[in-house]
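Those protein sequence lines, which keep their order, are chains A and B. Positions in the first sequence are counted from 1; adding 134 to them yields the working numbering. Positions in the second sequence are counted from 1; adding 17 to them yields the working numbering.
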Amino acid sequence: MLLEVNNLNAGYGFLQILWDVSIEIDVGEFVCIVGPNGAGKSTTMKTIAGLITPSSGQILFKGEPIHGIGGHRVTRKGIAFVSEEMNLFTNMSVQENLLMGAYILDDKSLIQRRMNEIYDIFPRLGERKSQLAGTMSGGERKMLAIGRGLMSDPALLMVDEPSFGLAPQLTASVFDALETLVQGGLTILLVEQNVTKTLSVTHRGYVLENGRIGLAGKSADLACDPHVRKVFLGV
Amino acid sequence: MSDRFIRWCRSAAGVTILLSILLAVIATIDRGPYILVNTAITGGMLALVAVGLALLLGVMNVASFVHGEYFMIGTLVAYYVFTPLQNFLNTNPSPLLAMVAPLIAILAAAVAGAAAGALTEIMVFAPMRRRSRENWVMNSFLLTVGLAVLLINGHLLIFGADFKGIVRYWAGAPVTIMDVFISRDRLFAFLLSIIVILAFWVFMKTTRTGRAIRAVSQDETGSLMVGINLSAILIFTMALGCSLAAVAGASLLFLYPSYPTVGLEALYMAWFIVILVGLGNIIGALTGGFMVALLKVLTVEYIGSGWDFVVPTALIILVLIFKPSGIFGSEVRGVLDQ
């Protein structure tokens with residue numbers, strides 16, 4: 135197992151959001167977490183990324199516990215997190231943002247290679263190397279955020295709501311990019327509101343409701359599940 | 018390029034900078050080149066203190082009112098390092114040591130300032146950050162005020178209230194530039210400030226750590242996500258900012274003898290600058306240093322030397338009323354949000 139989350143309880147201050155959440159991800163898998171607003175999807179990701187310290191439970195990455203070690207060390211272990219609000223460095227150029235993404239890497243030639251790869255995946259970024267991140271459109275910023283996450287050469291990429299606030303055709307191109315990355319061998323954990331689309335591209339999925347894992351299984355099976363269809367697809 | 022230049026000229030920053038340059042030129046033609054020389058010397062040192070303050074605002078979100086005390090620490094350390102060296106030189110003259118003694122004093126002040134800054138972060142801000150980040154801006158501001166009282170009175174208690182000053186760092190005839198006599202100390206202080214500012218600029222723009230500091234100032238969560246060790250960067254930033262203030266204090270020791278509240282003027286001037294250019298705008302603070310210096314010099318020249326605090330203060334009030342984010346715009350969201 136690449137990532138094992140066991141009985142995770144977490145929240146903000148006295149407000150507990152996650153109740154006994156357990157997730158497993160194997161190398162090369164494309165896994166999603168779906169669920170209604172406020173179910174705790176983003177909290178799950180933030181806790182794995184080390185931005186929230188869980189009150190109890192375990193997060194094992196490549197067999198090592200990573201809960202409570204701090205956000206910057208989680209990144210060094212090989213987990214990249216692309217948050218919903220992106221957290222880009224708005225007064226830095228596209229290129230500088232990507233360089234910051236490679237902050238934990240020392241090898242200059244590797245950094246250059248990664249950067250070229252990202253310009254190949256997102257040609258838009260290559261055209262706008264010197265533009266300030268804060269002045270770009272929502273779709274471009276989303277691409278930059280994913281690109282910055284990829285710069286650190288992660289073993290696991292976590293993407294929170296890549297389609298949030300994007301036009302449909304841009305959403306499609308972001309999903310295409312994620313599928314290409316999985317085909318290239320990357321493991322991805324995806325949180326998304328667009329349930330139909332998500333379940334059609336991912337391998338496996340978890341359904342999170344009220345901070346608890348309700349259902350888990352193959353994405354194709356989840357898409358046919360009567361409960362999922364009723365709650366998310368309105369059929 | 019020319020398009021961008023025209024747009025820049027029309028922005029608030031462009032207008033102010035061009036207006037300042039115009040003012041400086043007119044005043045120089047009217048009264049003589051010493052206006053320019055005085056502005057450059059005062060401006061360089063003001064910029065050093067203001068940049069440190071802007072760093073603390075931008076990176077740590079701390080509205081520091083203790084920054085002047087690091088200036089004071091700089092003067093104090095430079096005095097206690099330079100005076101024994103001077104006494105030693107009086108009995109054993111050595112041209113080489115006479116050359117480097119001031120540099121040793123300033124270097125010692127820089128190191129002491131950095132150490133004091135790092136200690137402040139480790140002992141004061143870090144514990145508070147761990148406790149709670151609620152109301153951070155107000156709490157940290159109050160902490161800095163308290164720390165200032167503590168340090169000023171600590172100086173009074175241990176070193177007394179006397180003026181601990183030196184006559185000069187470098188002996189020798191003044192240098193003549195553009196028909197203006199400039200003492201060697203002043204010239205050196207100016208050169209030093211330019212060198213430090215340039216080094217600082219290059220550091221922030223090209224090194225990994227410099228980029229990390231800017232990243233933290235723009236998005237703290239984002240910087241954790243790319244693997245930046247936040248607590249280390251905060252300690253380093255505090256050390257760097259305080260060290261710059263201490264260097265300014267040390268190199269101006271011939272002008273400002275060390276006494277408990279010597280840092281207050283530097284603090285007020287630095288605040289004028291960061292409010293003028295926009296809180297936390299590090300690059301703006303460099304330019305702002307020279308603009309406020311020009312304002313001071315012109316006030317002294319045309320209105321009277323008692324007015325050199327009044328005019329900048331009046332300007333700050335106008336800036337706060339009409340352009341509260343400063344003429345260069347602010348990079349700090351946190352301070353403005355709360």
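Cβ coordinates follow ideal geometry from the N, Cα and C atoms, glycine included.
In the structure shown, B:ASN104 adopts helical secondary structure according to DSSP, grouped into three states.
Under the 7 Å criterion on CB atoms, B:MET242 is classed as interfacial with respect to chain A. Minimum Cα-Cα distance from A:ALA173 among the listed residues A:GLY351, A:SER297 and A:LEU342 corresponds to A:LEU342.
Per DSSP, A:GLN327 lies in no alpha helix (DSSP H) and is assigned neither H nor E. For B:LEU247, the C-beta contacts it makes with chain A under 7 Å involve HIS206, in order along the chain. Between A:THR177 and A:ILE151, the C-beta spacing is below 7 Å.
Taking a beta-carbon distance threshold of 7 Å, A:ASN225 counts as an interface residue toward chain B.
Where A:GLN265 is concerned, there is no enclosing beta strand (DSSP E), because DSSP gives it neither an H nor an E. The residue among B:SER322, B:GLU282 and B:THR254 with its C-alpha nearest the C-alpha of B:GLY75 is B:THR254. Assigned with DSSP and collapsed to three states, B:SER275 falls in strand. Going by DSSP, B:ILE199 is part of the beta strand (DSSP E) stretching over 197–199.
The alpha-carbon of B:THR226 is positioned some 20 Å away from that of B:GLY301. Taken in chain order, the whole alpha helix (DSSP H) runs of length 4 or more contained in the region 215–244 of chain B are 225–235 and 237–242. Take B:GLU138, set aside five residues on each side of it, and the residues of its chain with a beta-carbon closer than 7 Å to its own are LEU251, ILE252 and MET255, in chain order. Setting aside the 5 residues that flank it on each side, A:MET285 is surrounded in the same chain by LEU232, GLY235, ALA236 and ARG248, each with a C-beta closer than 6 Å to its C-beta; the list follows chain order. Against B:ARG185, chain A offers no close residue; the least beta-carbon distance is about 43 Å (beta-carbon pairs closer than 8 Å).
Excluding five sequence positions before and after A:THR305, the CB atoms of its chain that fall closer than 8 Å to its own CB belong to PRO296, SER297, ASN328 and LYS331, given in chain order.
Secondary structure at B:THR92: helix, using DSSP grouped into helix, strand and coil.
Along the region 216–242 of chain B, going in chain order, the ones with a CB nearer than 9 Å to a CB of chain A are ARG225, ARG228, ALA229, ARG231, ALA232, SER234, GLN235, ASP236, GLU237, THR238, GLY239, SER240, LEU241 and MET242. Residue state for A:GLU138 is assigned as strand, using DSSP reduced to three classes. For A:MET234, the nearest CB of chain B lies under 7 Å from its own CB, placing it at the interface with that chain.
CA-CA distance, B:SER268 to A:ALA289, rounds to 51 Å. Bridge pairing for A:PRO199: A:LEU194 [DSSP]. The three-state reading of DSSP puts B:THR193 in strand, counting E and B together. Excluding residues up to 5 positions away in sequence, nothing lies with its Cβ nearer than 8 Å to the Cβ of A:GLU261 in the same chain. Excluding its 5 nearest sequence neighbours in each direction, A:ASP294 has C-beta neighbours in its own chain below 7 Å: SER176, MET179, VAL216, SER217, GLU218 and VAL325, listed in chain order. Rounded to the nearest angstrom, the gap between the Cα atoms of A:ARG258 and A:THR321 is 24 Å. Residue-level contact by beta carbon holds for A:TYR237 and chain B, with a gap shorter than 7 Å. Per DSSP, reduced to three states, the secondary structure at B:ILE211 is helical.
Segment contact: the region 94–107 of chain B against the region 116–126 of chain B, three or more CB-CB distances shorter than 8 Å; contact assigned.
The region 64–75 of chain B and the region 259–268 of chain B touch, with no fewer than 3 CB-CB distances between them shorter than 8 Å.
Residue nearest to A:ILE200 within the set A:LEU239, A:TYR146, A:VAL139 and A:GLU251 is A:VAL139 (criterion: CA-CA distance).
When secondary structure is reduced to three states using DSSP, B:PHE82 falls in the coil class, being assigned neither helix nor strand.
DSSP places A:TYR340 inside the beta strand (DSSP E), whose first and last residues are 338–343.
If you draw a 10 Å sphere on the C-beta of B:TYR319, you find fewer than 16 other C-beta atoms in it, and that means exposed. Within chain B, no C-beta atom comes nearer than 8 Å to that of A:ARG248; the closest sits roughly 13 Å away.
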